[in-house]
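Numbering (the UniProt record's numbering), first residue to last: 1 to 182. Structure first, then comments.
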């Protein structure tokens with residue numbers, strides 16, 4: 001694998017991690033309830049995809065314009081993985097180590113949000129009661145829960161990365177060059 005492509009993915013991943021971490025710290029100081037908002041989630045997903053897109057475009061430019069699917073996908077996945085995992089560690093540190101009391105308030109907010117969503121579902125009363133009991137037992141800010149949520153987020157964002165890699169790759173990579181007739 002081209003070292004230039006890896007370096008671009010790592011550098012953009014660290015930059016994304018820094019930006020996401022600053023956003024997390026800003027949300028902590030401004031209003032922790034923003035962390036539970038759907039709009040915040042969509043904005044962060046958009047920012048992450050844009051960083052992945054830029055890293056793929058820069059990789060194509062840096063290696064001379066010809067890029068395979070694998071070379072296009074690598075900087076994207078490195079960027080989003082590094083950014084999301086470091087940001088997740090920062091979230092854990094903020095809400096479980098530095099300010100566990102704020103973490104408890106955020107947990108309660110998240111649980112209430114989940115319960116509202118469950119109540120809106122079309123399940124039976126027994127299913128709703130079982131789901132609510134399960135939500136009350138889980139800790140959404142535990143390290144394991146945050147990491148599993150980060151892995152799920154990366155898997156979902158990989159679909160966008162596949163589409164971006166398909167767009168940026170050179171379509172002729174699967175076609176053998178034709179020798180000119182003399």
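Beta carbons: idealized from backbone N, C-alpha and C, even for Gly.
Legend entry - Beta carbon of residue 10 nearer than 7 angstroms to that of residue 59: As a working mapping, residue 10 is identified with position 10 in the chain shown. As a working mapping, residue 59 is identified with position 59 in the chain shown. Not a contact, by the Cβ cut-off of 7 angstroms.
Inset, instruction - Please check the pair residue 13 and residue 79, which I expect to be a contact at CB under 8 angstroms, by giving their CB distance rounded to whole angstroms. - result: Numbered from 1 along the chain shown, position 13 holds the residue referred to as residue 13. Numbered from 1 along the chain shown, position 79 holds the residue referred to as residue 79. Between residue 79 and residue 13 the Cβ distance is about 5 angstroms, and since that is below 8 angstroms, they are a contact.
Inset, instruction - Can you give me the start and stop residues for the alpha helix (DSSP H) that residue 55 sits inside? - result: The residue given as residue 55 occupies position 55 in the chain shown. First-last of the alpha helix (DSSP H) with residue 55: 38 to 62.
Inset, instruction - Could you tell me which of 112, 145 and 144 sits nearest to residue 133, measuring between CA atoms? - result: As a first step, residue 133 must be located in the chain shown, where it is residue number 133. In this structure, 112 is the residue among 112, 145 and 144 with its C-alpha nearest to the C-alpha of residue 133.
Legend entry - Exposure label - residue 163; buried when at least 16 CB within 10 Å: Within the chain shown, the letter at position 163 stands for residue 163. Sixteen is the threshold: since fewer than 16 other Cβ atoms of the shown chains lie within 10 Å of the Cβ of residue 163, the residue is exposed.
Legend entry - Cβ pair residue 154, residue 81 closer than 7 angstroms: Indexing the chain shown from 1 puts residue 154 at position 154. Indexing the chain shown from 1 puts residue 81 at position 81. Result yes, Cβ atoms of residue 154 and residue 81 sit closer than 7 angstroms.
Inset, instruction - Report, in whole angstroms, the separation of the C-beta atoms of residue 83 and residue 20, which I expect to be a contact under 8 angstroms. - result: Stepping through the chain shown from its first residue, residue 83 is reached at position 83. Stepping through the chain shown from its first residue, residue 20 is reached at position 20. Confirmed, about 6 angstroms.
Inset, instruction - Enumerate in chain order the residues of its own chain whose CB-to-CB distance from residue 34 is below 7 angstroms, with the five nearest sequence positions on each side excluded. - result: For this step, residue 34 is matched to residue 34 along the chain shown. So the qualifying residues of the chain are 27 and 40.
Inset, instruction - Have a look at 102, 145, 110 and 2 and flag the residue whose alpha-carbon is nearest the alpha-carbon of residue 66. - result: Along the chain shown, one-based indexing puts residue 66 at 66. The shortest Cα separation from residue 66 among 102, 145, 110 and 2 belongs to 2.
Legend entry - Rounded straight-line distance, which links the Cα of residue 170 to that of residue 139: Position 139 of the chain shown, counted from the first residue, corresponds to residue 139. Position 170 of the chain shown, counted from the first residue, corresponds to residue 170. So the two alpha carbons sit approximately 45 angstroms from each other.
Inset, instruction - Would you check if the distance between the CB atom of residue 5 and the CB atom of residue 74 is smaller than 7 angstroms? - result: As a working note, residue 5 is residue 5 in the chain shown. As a working note, residue 74 is residue 74 in the chain shown. Cβ distance < 7 angstroms, so residue 5 and residue 74 count as in contact.
Legend entry - Own chain partners of residue 166 with C-beta closer than 6 angstroms, once the 5 adjacent residues on each side are dropped: Looking up residue 166 in the chain shown gives position 166. Here the set comprises nothing.
Inset, instruction - Could you tell me how far apart the beta carbons of residue 157 and residue 63 are, in whole angstroms, since I believe they sit closer than 8 angstroms? - result: Walking along the chain shown from the start, residue 157 turns up at place 157. Walking along the chain shown from the start, residue 63 turns up at place 63. At roughly 23 angstroms, the Cβ-Cβ gap does not stay under 8 angstroms, so residue 157 and residue 63 are not in contact.
Inset, instruction - Pull up the distance between the alpha-carbon of residue 71 and that of residue 52, whole angstroms please. - result: One-based indexing of the chain shown puts residue 71 at position 71. One-based indexing of the chain shown puts residue 52 at position 52. So the two alpha carbons sit approximately 13 angstroms from each other.
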